[in-house]
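Peer 1:
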Amino acid sequence: MTAATDIPTTRSGRFNSRNVSKIAIRLGAFVAFAGIFLYFALTARGFLSPYNLTNVIEQSTILGLLAFGITVVFIGTGTDVQKGGIDLSVAANAGLCAAVYDVLLRDGYGNGVAIPAALGTGMFIGFLNGLAVVTLRIIPLLGTLAVMNIAAGLELTLTENTVVPVQSPLMNTLAFGRFLGISVLAWCFLVTTLILVWVVQFSQIGLRLYAVGGHHEAAKAAGINTGRYIYGAYLFAGLMAGATSILIVSRLSSSTPGTGLILLPILAAALLGTVFSRRFIPTIGGTFLAALFIGILANGFQLLGISSYWVAGVQGALILLVVAVTSFAKKN
Amino acid sequence: MTMQANAGTRRRVAFDLEAISNYAVIAAFVVVVTFFSVFADGFLTGENLLNLISNKVVLLAIVALGMTIVIGAGGIDLSVGVSMDLSSMIFIMLIAAGYAGIIGIAGGLAAAFAVGLMNAILINKLKINPFLATLGVLFIGQSIQRLSTQGGVPIYLTRAEFAAPFNAIARTSLFGVPTPIIVLLICIVAVYLALHRSVFGRYVSALGAQADVARYSGIPVPFHLAMVFISCAVLSGISGILLSSTVRSYVPFSGDAFLLDAIGATFIGTAISAERRPSVVGTLLGVMLLAVMRNGLLLIGWNFFWQQVGIGVLVFLVLGLSFGLRKRAE
Numbered sequence: 058m059t060a061a062t063d064i065p066t067t068r069s070g071r072f073n074s075r076n077v078s079k080i081a082i083r084l085g086a087f088v089a090f091a092g093i094f095l096y097f098a099l100t101a102r103g104f105l106s107p108y109n110l111t112n113v114i115e116q117s118t119i120l121g122l123l124a125f126g127i128t129v130v131f132i133g134t135g136t137d138v139q140k141g142g143i144d145l146s147v148a149a150n151a152g153l154c155a156a157v158y159d160v161l162l163r164d165g166y167g168n169g170v171a172i173p174a175a176l177g178t179g180m181f182i183g184f185l186n187g188l189a190v191v192t193l194r195i196i197p198l199l200g201t202l203a204v205m206n207i208a209a210g211l212e213l214t215l216t217e218n219t220v221v222p223v224q225s226p227l228m229n230t231l232a233f234g235r236f237l238g239i240s241v242l243a244w245c246f247l248v249t250t251l252i253l254v255w256v257v258q259f260s261q262i263g264l265r266l267y268a269v270g271g272h273h274e275a276a277k278a279a280g281i282n283t284g285r286y287i288y289g290a291y292l293f294a295g296l297m298a299g300a301t302s303i304l305i306v307s308r309l310s311s312s313t314p315g316t317g318l319i320l321l322p323i324l325a326a327a328l329l330g331t332v333f334s335r336r337f338i339p340t341i342g343g344t345f346l347a348a349l350f351i352g353i354l355a356n357g358f359q360l361l362g363i364s365s366y367w368v369a370g371v372q373g374a375l376i377l378l379v380v381a382v383t384s385f386a387k388k389n
Numbered sequence: 004m005t006m007q008a009n010a011g012t013r014r015r016v017a018f019d020l021e022a023i024s025n026y027a028v029i030a031a032f033v034v035v036v037t038f039f040s041v042f043a044d045g046f047l048t049g050e051n052l053l054n055l056i057s058n059k060v061v062l063l064a065i066v067a068l069g070m071t072i073v074i075g076a077g078g079i080d081l082s083v084g085v086s087m088d089l090s091s092m093i094f095i096m097l098i099a100a101g102y103a104g105i106i107g108i109a110g111g112l113a114a115a116f117a118v119g120l121m122n123a124i125l126i127n128k129l130k131i132n133p134f135l136a137t138l139g140v141l142f143i144g145q146s147i148q149r150l151s152t153q154g155g156v157p158i159y160l161t162r163a164e165f166a167a168p169f170n171a172i173a174r175t176s177l178f179g180v181p182t183p184i185i186v187l188l189i190c191i192v193a194v195y196l197a198l199h200r201s202v203f204g205r206y207v208s209a210l211g212a213q214a215d216v217a218r219y220s221g222i223p224v225p226f227h228l229a230m231v232f233i234s235c236a237v238l239s240g241i242s243g244i245l246l247s248s249t250v251r252s253y254v255p256f257s258g259d260a261f262l263l264d265a266i267g268a269t270f271i272g273t274a275i276s277a278e279r280r281p282s283v284v285g286t287l288l289g290v291m292l293l294a295v296m297r298n299g300l301l302l303i304g305w306n307f308f309w310q311q312v313g314i315g316v317l318v319f320l321v322l323g324l325s326f327g328l329r330k331r332a333e
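From first to last, the protein sequence lines stand for chains B and U. Just so you know, we're using this note's numbering here: the first sequence kicks off at 58 and counts up by one. Just so you know, we're using this note's numbering here: the second sequence kicks off at 4 and counts up by one.
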């Protein structure tokens, strides 16, 4: 009798402490996010103004959309960067697509030609990644590195490493248009996020993609065509690169060399996104928050007038801090 | 009978394919060298080859050796550029302040050591995965360089009064072999012994192949990981000092260019081993392949932009052949 009554109490006690630590783990990264947000809200003038907050979303759009591409690749192949999948080509791909879109517009073709061409280029580069990783079974880190070289080289040959300015009404709408008080660029980010959250987190395709990345052999045994899903993930990353390239060109009114340099921030956003999820796996929502987090840091520093020299370092340190806190919480 | 014979031939074909797959990179290297010897004027001259090795190969090879150790241990180091740059920066600043060359070298290597130590602490103590840890260090390193150089202004020490230490490193030779090449040879032997002929190397391989098993068998994992990341950083630091001595200047962020090539060379090198593991010989082959392609394409008149495309396509084809044949063999 005593034993019987004892067991439930201890069990429920353990449950409670486990629940508390679970909640702490789950909230750790969110608390850090909220703390930094609050800090900027209190110290940086104008941070909380609606104009500035849309500005933050705008600044995070390009980073976030490209990070979604890598997130989907991570979901389908696992986050172990050495043995799992990765897509190093996504930033260079966006640069190439921007160059294609830009050069076609410059040469007098309309958006009706240039947009499909940019999206097609992105997906072709995505296809090359799939070919390397799935069909030829090259280590993803290396296969996508070779593809990155190809994309970056092609971008340079197209633009000859110069800024190619262009103008079009669509680009003006994308860059400066507003709808319900929020800029079109921010809408692109928010709507894409919602659609992807639905597809990746709540649809059958998303569930299977997680299965493929979580346990390749089990997914195969369950009858999922794993190769097709991984191909799909790389094609999707390519499509995101193509779509984002149009926003990049719109925002800068030109195709500018150096888009490839945002590769590491994109990877940081996609990997940081895992700490904003319950089980520390890549999710669309997590990547969305991570991109905003990085955007808020940059914006807050700007408003506080901190020299831009500090930005990369403090961002790096904060990312390390958040990841370290989470990994400790996870261990306990 | 027929079935048995069939099985026999099939197995033999499979075996051949697997063997061929291991030689794909070596074959590609031979083909590329032969191609450029025939078609690129001036490729096969002593001057070009010496220039190729002492300028293009040495710097990348030393960084790639460090990367080989890290990748061999199952990690990755995105901060090799920072190790190179900070070492180069401290070295140049000490020389500019009038210190002797040896003090400059010690200071530069100490900076690289600090980067490696930082990586080790983040990975061991804070349990951050190597990719994110070294990425964070990369960002921090960029800020340190911006802050110490007013946003990235290079430091040139081309005046004659500073020439002595640089000449001592970059322009001397021993038995006719330029000093940078001797430094490379020493690094190759040291890393080869450490990785392929010592207990340390076996533990590192164990970590890379089966990290959990290595942990359960009682290998002191934190110590080995720390050694791995510190040696990678110090090797990159050596490369940074050689770079600064050759160009007599410190250009911020110039080490970043070596990161992806070092990773690429190391992974190309894995294609020559049956287990697809990184090795010193493989990495050197990868470095040579990249350097020869870049030099050869330049000599046949391709500009930098097309060189990049060409190298991407060649690496893609070679690896596709190597990994694709292996898949067929399985």
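No residue lacks a Cβ here, since even glycine has one placed at the ideal position from N, Cα and C.
Roughly how many whole angstroms lie between the Cα atoms of B/V380 and U/F261?
Peer 2: In the first sequence, counting from the first residue as 1, residue 380 of chain B sits at position 323. In the second sequence, counting from the first residue as 1, residue 261 of chain U sits at position 258. Rounded to whole angstroms, B/V380 to U/F261 spans 27 Å at the Cα level.
Peer 1: On the DSSP letters alone, give me the boundaries of the alpha helix (DSSP H) that B/W244 sits inside.
Peer 2: In the first sequence, the residue the question calls residue 244 of chain B occupies position 187. Looking at the DSSP string, the run of the alpha helix (DSSP H) that includes B/W244 is V241 to L253.
Peer 1: In this structure, how does DSSP classify U/I29 when only helix, strand and coil are distinguished?
Peer 2: Translated into positions along the second sequence, residue 29 of chain U becomes position 26. Helix, per DSSP.
Peer 1: Provide the residue span of the alpha helix (DSSP H) that contains U/N54, from first to last.
Peer 2: Start at 1 with the first residue of the second sequence, and residue 54 of chain U comes out as number 51. That run of the alpha helix (DSSP H) goes G49 to N54.
Peer 1: For a test of the three-state rule: what should DSSP assign to U/I158, helix, strand or coil?
Peer 2: Within the second sequence, the letter at position 155 stands for residue 158 of chain U. Note: U/I158 maps to strand in three-state DSSP.
Peer 1: Taking the C-alpha atoms as reference points, what is the distance between B/I305 and B/L95?
Peer 2: In the first sequence, residue 305 of chain B corresponds to position 248, counting from 1. In the first sequence, residue 95 of chain B corresponds to position 38, counting from 1. In a straight line, the C-alpha of B/I305 is about 30 Å away from that of B/L95.
Peer 1: Alpha carbon to alpha carbon, how far is B/L231 from B/V241? Give it in angstroms, no decimals.
Peer 2: The residue you call residue 241 of chain B lines up with position 184 of the first sequence. The residue you call residue 231 of chain B lines up with position 174 of the first sequence. So the two alpha carbons sit approximately 6 Å from each other.
Peer 1: Write down the C-beta distance between B/T344 and B/F246 rounded to the nearest angstrom, noting that I regard them as a contact closer than 8 Å.
Peer 2: Against the first sequence, residue 344 of chain B aligns to sequence position 287. Against the first sequence, residue 246 of chain B aligns to sequence position 189. Going by Cβ atoms, the distance from B/T344 to B/F246 rounds to 11 Å, so no, they are not a contact pair.
Peer 1: Once you ignore the five residues that flank U/W309 on each side, which residues in its own chain have a CB closer than 8 Å to its CB?
Peer 2: Position 306 of the second sequence holds residue 309 of chain U. Closer than 8 Å at the Cβ level, and outside the excluded window around U/W309, lie L300.
Peer 1: So which residues of chain B does U/S2 contact, with C-beta pairs closer than 8 Å?
Peer 2: The displayed coordinates of chain U run from 4 to 333. Any statement about residue 2 of chain U would go beyond what the structure contains.
Peer 1: Check the DSSP bridge columns for B/Y267 and list the partner residues they point to.
Peer 2: Taking the first sequence and counting its residues from 1, the one referred to as residue 267 of chain B is at position 210. According to DSSP, B/Y267 bridges with nothing at all.
Peer 1: B/V368 by DSSP, collapsed to three states: which one?
Peer 2: On the first sequence, residue 368 of chain B is found 311 positions in, with the first residue counted as 1. Correct three-state label for B/V368: helix.
Peer 1: Can you find the residues in the same chain that come closer than 6 Å, C-beta to C-beta, to B/G357, ignoring five residues on each side of it along the sequence?
Peer 2: Residue numbering aside, residue 357 of chain B sits at position 300 when the first sequence is read from its first letter. Taken in chain order, the residues that qualify are F97 and A101.
Peer 1: Work out the CA separation of B/G200 and B/I143 for me, nearest whole Å.
Peer 2: As a working mapping, residue 143 of chain B is identified with position 86 in the first sequence. As a working mapping, residue 200 of chain B is identified with position 143 in the first sequence. Cα to Cα, B/I143 sits roughly 10 Å from B/G200.
Peer 1: Quick check on DSSP: helix, strand or coil for U/V216?
Peer 2: Counting from 1 along the second sequence, the entry for residue 216 of chain U is found at position 213. Of the three classes helix, strand and coil, the one that applies to U/V216 here is helix, per DSSP.
Peer 1: Would the beta-carbon of U/G69 fall within 7 Å of that of U/L287?
Peer 2: If you number the second sequence from 1, residue 69 of chain U lands on position 66. If you number the second sequence from 1, residue 287 of chain U lands on position 284. Taking 7 Å as the Cβ cut-off, U/G69 and U/L287 do not qualify as a contacting pair.
Peer 1: Along chain U, which residues have their Cβ under 9 Å away from the Cβ of B/N282?
Peer 2: Against the first sequence, residue 282 of chain B aligns to sequence position 225. Those within 9 Å of B/N282 in chain U number zero; the least Cβ separation is about 17 Å.
Peer 1: B/I207 versus chain U: which residues are under 8 Å apart at the beta carbon?
Peer 2: Residue mapping note: residue 207 of chain B aligns to position 150 of the first sequence, counting from 1. The answer, in chain order, is Q311, V312, G315, V316 and F319.
Peer 1: Applying a beta-carbon distance threshold of less than 8 Å, which residues of chain B neighbour U/R200?
Peer 2: Your numbering for residue 200 of chain U matches position 197 in the second sequence. Those do not exist, as U/R200 stays about 24 Å from chain B at its closest Cβ, beyond 8 Å.
Peer 1: For a quick check, are the C-beta atoms of U/G110 and U/L97 less than 7 Å apart?
Peer 2: Within the second sequence, the letter at position 107 stands for residue 110 of chain U. Within the second sequence, the letter at position 94 stands for residue 97 of chain U. Taking 7 Å as the Cβ cut-off, U/G110 and U/L97 qualify as a contacting pair.
Peer 1: Hey, is the region 25 to 38 of chain U in contact with the region 161 to 181 of chain U, meaning 3+ C-beta pairs nearer than 8 Å?
Peer 2: No contact exists between the region 25 to 38 of chain U and the region 161 to 181 of chain U.
Peer 1: Please decide whether U/F232 counts as near chain B, where near means a Cβ-Cβ distance under 7 Å.
Peer 2: By one-based count along the second sequence, residue 232 of chain U stands at place 229. It does not; no Cβ of chain B falls within 7 Å.
Peer 1: If we ignore side chains and look at the alpha-carbon of each, how far apart do B/S365 and U/Y159 end up?
Peer 2: Here residue 365 of chain B refers to the residue found at position 308 when the first sequence is read from its first residue. Here residue 159 of chain U refers to the residue found at position 156 when the second sequence is read from its first residue. Rounded to the nearest angstrom, the two C-alpha atoms are 24 Å apart.
Peer 1: What is the rounded straight-line gap between the Cα of B/T316 and the Cα of B/S225?
Peer 2: What you label residue 316 of chain B is simply residue 259 of the first sequence in a count that begins at 1. What you label residue 225 of chain B is simply residue 168 of the first sequence in a count that begins at 1. Rounded to whole angstroms, B/T316 to B/S225 spans 21 Å at the Cα level.
Peer 1: Pick from B/L110, B/S106 and B/F259: whose alpha carbon is nearest that of B/F350?
Peer 2: Reading the first sequence from its first residue, position 293 is the one you call residue 350 of chain B. Per the Cα distances, B/L110.
Peer 1: Of all the residues that make up the region 187 to 213 of chain B, which are near chain U by a beta-carbon distance shorter than 9 Å?
Peer 2: Taking 9 Å as the Cβ-Cβ cut-off against chain U, the residues of the region 187 to 213 of chain B that qualify are L188, A189, T192, L193, R194, I195, I196, L198, L199, G200, L202, A203, V204, M205, N206, I207, A208, A209, G210, L211, E212 and L213.
Peer 1: Quick one: give me the first and last residue of the alpha helix (DSSP H) that B/N218 is part of.
Peer 2: Sequence index remark: in the first sequence, residue 218 of chain B carries index 161 (1-based). First-last for B/N218: undefined, no H or E at that position.
Peer 1: At 7 Å on the CB atoms, spell out the chain B contacts of U/F256, in chain order.
Peer 2: As a first step, residue 256 of chain U is located in the second sequence; it is residue number 253 there, counting from the start. None at all; the shortest Cβ gap to chain B is about 10 Å.
Peer 1: Along the alpha helix (DSSP H) that carries B/Q224, what are the first and last residues, could you check?
Peer 2: Walking along the first sequence from the start, residue 224 of chain B turns up at place 167. Element bounds for B/Q224: n/a, residue is neither H nor E.
Peer 1: Determine, using beta carbons only, whether U/R149 comes closer than 7 Å to chain B.
Peer 2: Translated into positions along the second sequence, residue 149 of chain U becomes position 146. It does; some Cβ of chain B falls within 7 Å.
Peer 1: I want to verify the contact list: residues of chain U whose CB lies under 9 Å from the CB of B/A294, in sequence order.
Peer 2: On the first sequence, residue 294 of chain B is found 237 positions in, with the first residue counted as 1. In chain order: nothing, as chain U lies at least about 17 Å away.
Peer 1: Just to make sure I have the definition right: I need the residues of chain U whose C-beta is within less than 9 Å of the C-beta of B/L328. Which are they?
Peer 2: To locate residue 328 of chain B, count along the first sequence from 1; it is residue 271. Going along chain U in sequence order, the residues near B/L328 (Cβ under 9 Å) are N132, F134, L135 and L138.
Peer 1: Can you give the Cα-Cα distance for U/D215 and B/G187, rounded to whole angstroms?
Peer 2: As a first step, residue 215 of chain U must be located in the second sequence, where it is residue number 212. As a first step, residue 187 of chain B must be located in the first sequence, where it is residue number 130. Taking the straight line from one Cα to the other gives about 30 Å.
Peer 1: Is U/F335 close to chain B, meaning its C-beta is less than 7 Å from at least one C-beta of that chain?
Peer 2: Shown here, chain U extends from 4 to 333; a query on residue 335 of chain U therefore has no answer.
Peer 1: Using a cut-off of 9 Å between C-beta atoms, extract the partners of B/I376 located in chain U.
Peer 2: Along the first sequence, read from residue 1 onward, the residue named residue 376 of chain B stands at position 319. Within 9 Å Cβ-Cβ: L135, L138, G139 and F142.
Peer 1: Within 10 angstroms of its Cβ, does B/N282 collect 16 or more other Cβ (buried), or is it exposed?
Peer 2: As a first step, residue 282 of chain B is located in the first sequence; it is residue number 225 there, counting from the start. By the neighbour-count rule (16 or more Cβ atoms within 10 Å), B/N282 is not buried but exposed.
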